[in-house]
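When you read off a place in the sequence shown, starting at 1, and then add 1277, the result is the number in this note's numbering. Beta carbons are placed, not taken as given, at the ideal position from N, Cα and C, and that holds for glycine.
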Amino acid sequence: MKNTEESTETMFCPNCGQKVPVGTKFCPHCGASLTASRFAQKPNSTIDHIDSGPESSPQQSDGRSQINDGNPQNAKTPLDHFALLGIIFGGISWLLNFWGVVGILAVVFSILALNRHLEGTNKTIAIIGLVSGVVNILYALSIIGSY
């Protein structure tokens, strides 16, 4: 192969996701090592992502975020919409009671979120929304019962 010819084969850097020519030892975009031992591992192993520092790009070359890279240990899941609505209505229920209607909305959205078998932060947010909604409903029932 002549020095003037460029390799048409490319691969993706496991650190930043940018295209690099095959045979390159270091990524020209982020500086990560591209040795053959790194590519011998399975594609979604945690080893590929341990050394990613603040200098690594959060975007891959095709514009997709690295949030869903297929590895559940590395995945940063976005907030679940139902859990978010549950906690928002739960927070509003502390300010505006409306005879428990806002609390009912918080409970409904939180239960919908929990039925999706959420984990981590999403589950915590859904539980907080659920508890806030139930407390609001109980408070509304105590106010209505005192009349």
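I'd like the list of long-range same chain contacts for residue i, defined as Cβ closer than 7 Å, with 5 residues on each side in sequence excluded.
| i | result |
| --- | --- |
| Ile-1365 | none |
| Tyr-1424 | none |
| Leu-1389 | Phe-1359 |
In terms of DSSP beta bridges, what is residue i paired with?
| i | result |
| --- | --- |
| Thr-1287 | Pro-1298 |
| Phe-1276 | The chain is shown only over 1278 to 1424; residue 1276 falls outside these bounds and no answer can be derived. |
Can you tell which of the options has the C-alpha that lies nearest to the C-alpha of residue i?
| i | options | result |
| --- | --- | --- |
| Cys-1293 | Gly-1377, Thr-1301, Gly-1300, His-1306 | His-1306 |
| Leu-1356 | Val-1297, Val-1384, Ile-1381, Ile-1402 | Ile-1402 |
| Ile-1369 | Lys-1400, Ile-1405, Leu-1391, Ile-1421 | Ile-1405 |
| Ile-1381 | Gly-1308, Ala-1417, His-1394 | Ala-1417 |
Please state the DSSP three-state secondary structure of residue i.
| i | result |
| --- | --- |
| Thr-1398 | helix |
| Tyr-1416 | helix |
| Leu-1407 | helix |
| Leu-1356 | coil |
| Ser-1434 | In the structure as shown, the chain begins at 1278 and stops at 1424. Residue 1434 is therefore absent and cannot be evaluated. |
| Leu-1391 | helix |
| Leu-1362 | helix |
So, at 8 Å on beta carbons, what are the nonlocal neighbours of residue i in its own chain, with the 5 sequence-adjacent residues on each side left out?
| i | result |
| --- | --- |
| Val-1297 | Thr-1287, Met-1288, Phe-1289, Cys-1290, Cys-1304, Pro-1305, His-1306, Leu-1311 |
Once the 5 residues before and after residue i are set aside, which same chain residues still bring their CB inside 6 Å of it?
| i | result |
| --- | --- |
| Thr-1301 | Leu-1311 |
| Leu-1391 | Ala-1403 |
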